[in-house]
Each structure stands twice: as structure tokens, then as C-alpha cells.
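S.K.: Starting off with a structure, shown below.
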Ligand code: DSN
């Protein structure tokens with residue numbers, strides 16, 4: 289049997305069975321290789337994670353939890369899920385882990401389901417100010433099923449207004465208080481969140497989707513000891529399997545498990561759970577910690593270079609820097625629109641995010657913010673020197689309205705992407 293026999297559809301390779309999808313994957317590989325990926329939620333999944341996630345485990349049904357499934361013959365799935373659970377608990381020092389959520393949004397849905405009744409109050413970080421929509425935005429399950437209230441950043445320093453958190457918590461007595469973000473670049477005061485939650489009888493849920501990898505590597509304040517539950521994604525700074533997870537205190541374990549399955553989801557994804565187990569194993573290594581340190585150094589370096597260029601670029605680094613893997617840049621001082629600017633950056637080979645900033649003068653879908661993350665490039669091997677050059681390229685592009693008339697900026701991107709090749713093992 290040769291892998292190119294199209295009349296054996298269960299055995300022939302993708303290129304033979306489906307040349308269109310195969311070509312699109314090749315196209316995406318070429319795009320990733322030739323692009324400086326500064327999308328803060330993206331990373332470079334390790335080969336072992338891809339192998340597990342693309343494995344024959346995809347075939348198996350296993351509704352339920354290890355030792356208690358709706359299907360027979362789940363002994364290997366149990367083994368894999370137990371490994372993932374134990375590794376997650378050990379990595380984060382948590383009492384309990386649920387590794388089944390399909391995404392970070394599913395993890396937030398499950399935690400709200402576990403800790404609230406429909407109509408209860410919840411308090412989260414406003415999406416337009418940096419929170420994730422599933423904490424309290426009107427159009428999500430959080431806003432539709434619960435009485436959702438939002439806190440904000442202060443206008444002057446763009447830091448979370450903890451006095452507003454306290455005031456809103458006292459007024460609305462939420463069952464759940466969220467601490468966590470998607471578009472924010474500073475540490476949160478978890479101790480103060482805990483105090484406020486205790487005062488009003490709320491459960492504190494830390495949505496660490498973005499910074500779970502930093503927490504695992506111990507290069508970020510530890511939220512676990514303050515939180516009743518933490519939700520996360522496994523593919524952002526953890527850099528691995530595509531999906532979510534929940535950590536929680538022992539006394540909440542049964543409620544969280546019941547909320548994930550059967551409350552919110554059907555069958556777990558055994559192939560993804562295997563990839564999560566691999567991710568948690570890798571996240572406990574010195575190599576991972578070194579990558580996280582380099583990620584932080586990369587984000588700080590980018591911020592520093594962009595700060596020094598502010599007069600030229602008329603683009604302001606929000607809060608004057610970063611504590612984490614990402615930074616936010618405000619284009620409003622130069623009167624530029626973020627999507628248009630981002631398209632020009634795309635043209636020279638840089639990908640990032642256009643985002644609405646707190647107090648954005650533009651009305652959506654127009655917006656003034658760019659978000660740059662360092663995780664994907666650090667995974668690719670970038671260090672301080674390369675990040676400084678990335679910052680210089682972005683500064684030169686912004687100073688020139690994003691234009692690259694002589695192609696020199698694209699040339700500099702090409703030098704960096706060639707210097708640090710991606711997925712070398714794919715040939
Ligand atoms: N979409 C993710 C991000 O880019 O931050 C959050 O889920």
C-alpha cells in the first residue's frame with residue numbers, strides 16, 4: 289500500500305485525498321514562516337503536541353470522567369486524562385483541574401454555570417477596556433444569562449480602577465468576580481480582588497487565559513492562592529494544545545466538573561486532552577521557563593524601542609510599558625486608524641491585532657489600538673537583539689504611516705524570518 293493510492297480513502301495521505309485543503313495548509317505554513325507573528329494569543333505548538341492532537345484518539349467517544357464514562361473501553365483515555373489532570377494540578381499547585389473545556393470561553397461558561405444561578409450578578413472586566421467578552425459582555429452567555437456588570441481602567445493611567453471594582457461589588461453583590469484580561473499589559477492586584485470578593489461574598493475567578501504560561505513558569509504573580517477558580521487556554525502563553533482548562537479549590541471540584549460535563553459540553557476531545565497533557569509536561573521544564581523569560585524580555589524590548597520612537601511615530605505605548613508578554617500601542621496621537629495601519633504592517637510581513645482601546649476616540653469597527661505579543665517570536669527563538677530589530681521595523685513603519693515604498697522594511701522582516709526558521713522538521 290502506497291500513501292498516494294486515492295482509492296483507499298482511509299489510508300491515502302491528505303495531499304492525495306484533498307489537494308485543495310492540503311494546498312491551503314501548505315499556504316498557511318509558508319505564511320507563518322515568512323511572517324513576524326506578533327498576535328499576542330498565538331504561539332508555536334511543539335511537534336509532540338501536534339502529534340498528540342492529530343492522533344487516532346480523535347476516534348474515541350468518552351463522555352464522562354476517568355473511571356466514570358458513558359462508554360466502555362476507555363482505559364487509555366482514562367490514563368491520558370488522568371495524566372493531564374495530575375500534571376495541571378502539579379504545574380499550578382491547584383487542588384483540582386478539569387481539562388475538558390473546548391476553549392477559554394467554554395471554561396468561563398462552565399465556571400459561571402458552576403458558581404451562579406441564572407439571573408445572579410457577575411462582575412467582570414469590560415471588553416472594551418481589556419477584559420474578555422465572556423466575563424460580562426451583553427452579547428455573550430455571561431450577559432444573557434446573568435446580571436453582568438463591568439469595571440474599567442482609569443482614564444489617566446489606564447490601570448484597572450480597583451476603587452470602581454470595590455464600589456460595583458458592594459452595590460451589586462456579584463456571585464462571581466472576574467480578574468483577568470485579553471488586552472492589558474500590567475499585573476493585577478490579586479490580593480485586593482480577593483479582599484473585595486470576600487467582603488461581598490463573591491467567588492473570585494481569575495481568567496488567566498493569556499498569562500497561564502507566565503504563571504506556570506513563575507514569572508508572573510501567582511493567582512492560584514487567591515482564586516476560588518482559574519480559567520485558562522492551553523494554547524496562548526502555555527504554547528500548546530488548542531483548548532481550555534479550569535483549576536479550582538477542592539470544595540468546588542464537583543460543581544465545576546458537573547458544569548463542564550454534562551452542563552456545558554458533550555464528549556471531551558481525547559486527542560486534545562492528550563495534547564494538553566503533553567503541554568503541561570513541557571511547561572514544567574527549564575526550557576519552557578527560559579522561553580517565558582525570553583518572551584517577557586522580548587515584550588519589554590519592543591515596548592522600550594517603541595517608547596523611544598514615540599516622537600517619530602506619534603504612537604503611544606499604553607501605560608508606558610509592560611509587565612507581561614504583550615503591549616498595547618495607541619495610534620490616536622497620530623490620528624491613525626488601527627485596521628488600516630495593521631493592513632500596511634501585514635504588507636511588510638508583520639501580523640498583530642487591531643483593537644479598540646479604553647476611551648478610544650474612534651467608533652467601532654474603526655479603532656486606535658494595536659496589540660503586539662512576543663510569545664510566538666520567542667518560541668521561534670527570538671532574543672533581545674531580534675526583538676529590538678522588530679521594534680525598530682515597527683517604529684520605522686509607523687513613522688512612515690505604515691508605508692514601505694522601497695521594500696526595505698519587508699526586506700528586514702525577511703532577514704529575521706530566514707535567520708529564525710519555523711517548523712524546520714517539516715522540510
Ligand atoms: N481571542 C483571544 C485573544 O486574542 O486575546 C482571546 O480569546
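Residue numbers (this note's numbering): 289 to 715.
From the three backbone atoms N, C-alpha and C, an ideal C-beta is built for every residue, glycine too.
As the structure is a computational prediction, the values presented were derived from the model and not from experiment.
Could you compute how far the alpha carbon of residue 679 sits from the alpha carbon of residue 348?
M.R.: Position 391 of the chain shown, counted from the first residue, corresponds to residue 679. Position 60 of the chain shown, counted from the first residue, corresponds to residue 348. Whole-angstrom Cα-Cα distance: 46 Å.
S.K.: What does the alpha-carbon distance come out to for the pair residue 568 and residue 545?
M.R.: Counting from 1 along the chain shown, the entry for residue 568 is found at position 280. Counting from 1 along the chain shown, the entry for residue 545 is found at position 257. Taking the straight line from one Cα to the other gives about 19 Å.
S.K.: For residue 718, is the classification buried or exposed, using 16 other Cβ atoms within 10 angstroms of its Cβ as the cut-off for buried?
M.R.: What is shown of the chain runs 289 to 715, which leaves residue 718 out entirely.
S.K.: Are there three or more Cβ pairs, one per stretch, closer than 8 Å when the segment 345 to 362 is compared with the segment 663 to 672?
M.R.: no
S.K.: Between residue 343 and the rest of its own chain, which residues show a CB-CB distance below 6 Å, the 5 nearest in sequence each way excluded?
M.R.: Numbered from 1 along the chain shown, position 55 holds the residue referred to as residue 343. These residues qualify, in order along the chain: 559.
S.K.: Throw me the rounded Cβ distance for the residue 681 and residue 700 pair, which I believe falls under 8 Å.
M.R.: Along the chain shown, read from residue 1 onward, the residue named residue 681 stands at position 393. Along the chain shown, read from residue 1 onward, the residue named residue 700 stands at position 412. Indeed they touch by this definition, with Cβ atoms about 5 Å apart.
S.K.: Indicate whether the contact test is met: 3 or more Cβ pairs, each with one atom in the segment 463 to 477 and one in the segment 491 to 499, closer than 8 Å.
M.R.: yes
S.K.: Buried or exposed: which applies to residue 706, given that a residue is buried once 16 or more other Cβ atoms fall within 10 Å of its Cβ?
M.R.: Locating residue 706 in the chain shown gives position 418, counting from the first residue. So residue 706 ends up on the exposed side.
S.K.: Which whole-angstrom value describes the C-beta separation of residue 554 and residue 392, a residue pair presumed to lie in contact below a C-beta threshold of 8 Å?
M.R.: The residue given as residue 554 occupies position 266 in the chain shown. The residue given as residue 392 occupies position 104 in the chain shown. Wrong, their Cβ atoms sit about 18 Å apart, outside the cutoff.
S.K.: Contact between the segment 501 to 521 and the segment 362 to 372 is defined here as three or more beta-carbon pairs at a separation below 8 Å; is this criterion met?
M.R.: no
S.K.: Can residue 470 be considered in contact with the ligand DSN, in the sense that its beta carbon sits closer than 8 Å to one or more heavy atoms?
M.R.: Here residue 470 refers to the residue found at position 182 when the chain shown is read from its first residue. Yes - the ligand DSN has a heavy atom lying nearer than 8 Å to the Cβ of residue 470.
S.K.: Compute the Euclidean distance between the alpha carbons of residue 415 and residue 656, then round it to the nearest angstrom.
M.R.: In the chain shown, counting from the first residue as 1, residue 415 sits at position 127. In the chain shown, counting from the first residue as 1, residue 656 sits at position 368. Taking the straight line joining both Cα atoms gives about 15 Å.
S.K.: Start and end of the alpha helix (DSSP H) containing residue 401?
M.R.: Taking the first residue of the chain shown as position 1, residue 401 is located at position 113. Taken as a continuous stretch (DSSP letters only), the alpha helix (DSSP H) holding residue 401 covers 392 to 403.
S.K.: Does the distance between the C-beta of residue 716 and the nearest non-hydrogen atom of the ligand DSN fall short of 8 Å?
M.R.: What is shown of the chain runs 289 to 715, which leaves residue 716 out entirely.
S.K.: Taking only heavy atoms of the ligand DSN into account, decide whether any of them is closer than 8 Å to the Cβ of residue 393.
M.R.: Numbered from 1 along the chain shown, position 105 holds the residue referred to as residue 393. Within the cutoff, so yes.
S.K.: Following the continuous beta strand (DSSP E) through residue 519, name the residue where it begins and the one where it ends.
M.R.: As a first step, residue 519 is located in the chain shown; it is residue number 231 there, counting from the start. Where residue 519 is concerned, the enclosing beta strand (DSSP E) stretches over 517 to 521.
S.K.: Quick one: residues in its chain with C-beta nearer than 7 Å to the C-beta of residue 484, no 5 flanking neighbours on either side, listed in chain order?
M.R.: In the chain shown, the residue the question calls residue 484 occupies position 196. Correct list, in chain order: 453, 454, 457 and 465.
S.K.: Starting from the Cα of residue 405, find the closest Cα among 440, 379, 462 and 381 and give me that residue.
M.R.: Here residue 405 refers to the residue found at position 117 of the chain shown. Residue 405 has its Cα closest to that of 462, out of 440, 379, 462 and 381.
S.K.: Between residue 626 and residue 346, what straight-line distance do the alpha-carbon atoms span, to the nearest angstrom?
M.R.: Counting from one through the chain shown, the residue named residue 626 turns up at place 338. Counting from one through the chain shown, the residue named residue 346 turns up at place 58. Distance between the alpha carbons of residue 626 and residue 346 is about 40 Å.
S.K.: Check the DSSP bridge columns for residue 480 and list the partner residues they point to.
M.R.: Sequence index remark: in the chain shown, residue 480 carries index 192 (1-based). Residue pairing by DSSP places residue 480 opposite no residue, since no beta bridge is assigned to it.
S.K.: Who are the Cβ neighbours of residue 506 in its own chain at under 8 Å, not counting the five residues just before and after it?
M.R.: Residue mapping note: residue 506 aligns to position 218 of the chain shown, counting from 1. The answer, listed in chain order, is 577.
S.K.: Within the chosen definition, does the segment 311 to 327 reach the segment 633 to 641 through at least 3 CB pairs nearer than 8 Å?
M.R.: yes
S.K.: What is the C-beta distance between residue 523 and residue 468, in whole angstroms, given that I count them as a contact (C-beta under 8 Å)?
M.R.: Taking the chain shown and counting its residues from 1, the one referred to as residue 523 is at position 235. Taking the chain shown and counting its residues from 1, the one referred to as residue 468 is at position 180. Residue 523 to residue 468, Cβ: 16 Å. No contact.
S.K.: Take residue 302 and list the residues in its own chain whose beta-carbon comes closer than 6 Å to its own, dropping the five residues that flank it on each side.
M.R.: The count along the chain shown starts at 1 and reaches residue 302 at position 14. Within the same chain, residue 302 has close Cβ partners 310.
S.K.: Of all Cβ atoms in chain B, is any one closer than 9 Å to the Cβ of residue 624?
M.R.: Structure shown: chain B not included; a single protein chain is present.
S.K.: Report the rounded CA-to-CA distance for residue 361 versus residue 673, giving the unit in angstroms.
M.R.: Within the chain shown, the letter at position 73 stands for residue 361. Within the chain shown, the letter at position 385 stands for residue 673. One alpha carbon belongs to residue 361, the other to residue 673, and they sit about 52 Å apart.
S.K.: Just the Cα atoms here: how many angstroms apart are residue 472 and residue 364?
M.R.: Counting from one through the chain shown, the residue named residue 472 turns up at place 184. Counting from one through the chain shown, the residue named residue 364 turns up at place 76. Cα to Cα, the separation comes out at about 40 Å.
S.K.: From 561, 607, 614 and 563, pick the residue whose C-alpha is nearest to that of residue 582; which is it?
M.R.: Within the chain shown, numbered from 1, the residue matching residue 582 stands at position 294. Minimum Cα distance to residue 582 is reached at 614.
S.K.: Can residue 337 be considered in contact with the ligand DSN, in the sense that its beta carbon sits closer than 8 Å to one or more heavy atoms?
M.R.: Sequence index remark: in the chain shown, residue 337 carries index 49 (1-based). No; taking the cut-off as 8 Å, the Cβ of residue 337 has no heavy atom of the ligand DSN nearer than that.
S.K.: Do the segment 424 to 441 and the segment 380 to 389 touch if we need at least three Cβ pairs shorter than 8 Å?
M.R.: no
S.K.: Is the beta carbon of residue 498 closer than 9 Å to that of residue 470?
M.R.: Your numbering for residue 470 matches position 182 in the chain shown. Your numbering for residue 498 matches position 210 in the chain shown. Cβ atoms of residue 470 and residue 498: closer than 9 Å.
S.K.: For residue 639, which beta-bridge partners are listed by DSSP?
M.R.: In the chain shown, residue 639 corresponds to position 351, counting from 1. The partner list for residue 639 (beta bridge, DSSP) reads 325.
S.K.: Check whether the Cβ of residue 508 sits closer than 8 Å to any heavy atom of the ligand DSN, and report yes or no.
M.R.: Taking the first residue of the chain shown as position 1, residue 508 is located at position 220. A distance criterion of 8 Å places the beta-carbon of residue 508 beyond contact range of the ligand DSN, judged by its closest non-hydrogen atom.
S.K.: Taking only the alpha-carbon atoms, compute the straight-line gap between residue 401 and residue 395 and give it to the nearest angstrom.
M.R.: The residue labelled residue 401 in the question sits at position 113 within the chain shown. The residue labelled residue 395 in the question sits at position 107 within the chain shown. Each residue's alpha carbon lies about 10 Å from the other.
S.K.: Determine the burial state of residue 561: buried for a count of at least 16 other Cβ atoms within 10 Å of its Cβ, exposed for fewer.
M.R.: Your numbering for residue 561 matches position 273 in the chain shown. Classification of residue 561: buried, given that the 10 Å Cβ count is 16 or more.
S.K.: Can you look up residue 464 in the DSSP assignment and give me helix, strand or coil?
M.R.: One-based indexing of the chain shown puts residue 464 at position 176. In this structure, residue 464 counts as strand in the three-state DSSP scheme.
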